[in-house]
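Enquirer: For the sequence shown, the UniProt record's numbering puts the final residue at 153, and the numbers step up evenly by one. Note that beta-carbon positions come from the ideal geometry of N, C-alpha and C, so glycine has one too. Here's a structure for you.
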Amino acid sequence: METRGMKKKRVAVWGLLGIFVIIIGIACFFMVPGTTVRNSDVADKQVSKLNDSLYEYYSWRPEKFDLISSANDDEKIVILVSLKDSKYTKNSISNKIELTKINYALASLQRKNHISGRIQVVYEVDSTVVAESENLYRPVKFISPNDDTYDSL
1 METRGMKKKR VAVWGLLGIF VIIIGIACFF MVPGTTVRNS DVADKQVSKL
51 NDSLYEYYSW RPEKFDLISS ANDDEKIVIL VSLKDSKYTK NSISNKIELT
101 KINYALASLQ RKNHISGRIQ VVYEVDSTVV AESENLYRPV KFISPNDDTY
151 DSL
């Protein structure tokens, strides 16, 4: 049979455990990239910091890229990666892996420059958008030829 002291102890332990879980959940919510809302001035400053690193990244790999640039699009940072090789127009596993590696390299630039929040990446070959990633930490999604989402770019 359980005594009153044991019952109080059990309630206290579960209460402390619940508070601890709530604190961890709140901390994780604010630490995850992509939860930050920027205003236009902050986004412009972050884009200028990011452009310097993108130029350095691009200059080490001129055989792979035509151009890498970033812009502030409605308080959201968008990186445009123009690829030289037309093999990226095919939706294949190897192309997804290579573009995901580029995403992770760009994510390291984001961390190095202390830029928080979501950054969208758009990949193009010969001025045709072939793939996109809504976030540097998300998988790359190939755009079908029938998709007219990016006609305005």
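1. Taking residue 54 as the reference, give the member of 42, 11, 110 with the closest Cα.
2. According to DSSP, what are the bridge partners of residue 142?
3. What residue range does the alpha helix (DSSP H) around residue 83 cover?
4. For the stretch 37-49 against the stretch 84-94, are there 3 or more C-beta pairs whose distance is under 8 angstroms?
5. In the structure shown, what three-state DSSP assignment does residue 92 receive?
6. So, are the CB atoms of residue 136 and residue 103 less than 8 angstroms apart?
7. Alpha carbon to alpha carbon, how far is residue 3 from residue 14? Give it in angstroms, no decimals.
8. Under 8 angstroms, do residue 78 and residue 120 count as touching if we go by C-beta distance?
9. Over what stretch of residues does the alpha helix (DSSP H) that includes residue 59 continue unbroken?
10. Closest to residue 96 by CA distance: which of 40, 17, 141 is it?
Expert: Short version:
1. Ranking 42, 11, 110 by Cα distance to residue 54 puts 110 first.
2. 131
3. Unbroken run through residue 83 is the beta strand (DSSP E), 77-83; no alpha helix (DSSP H).
4. As far as the Cβ criterion goes, the stretch 37-49 does not touch the stretch 84-94, which means the pair count is below three.
5. coil
6. yes
7. 17 angstroms
8. yes
9. 40-59
10. 141
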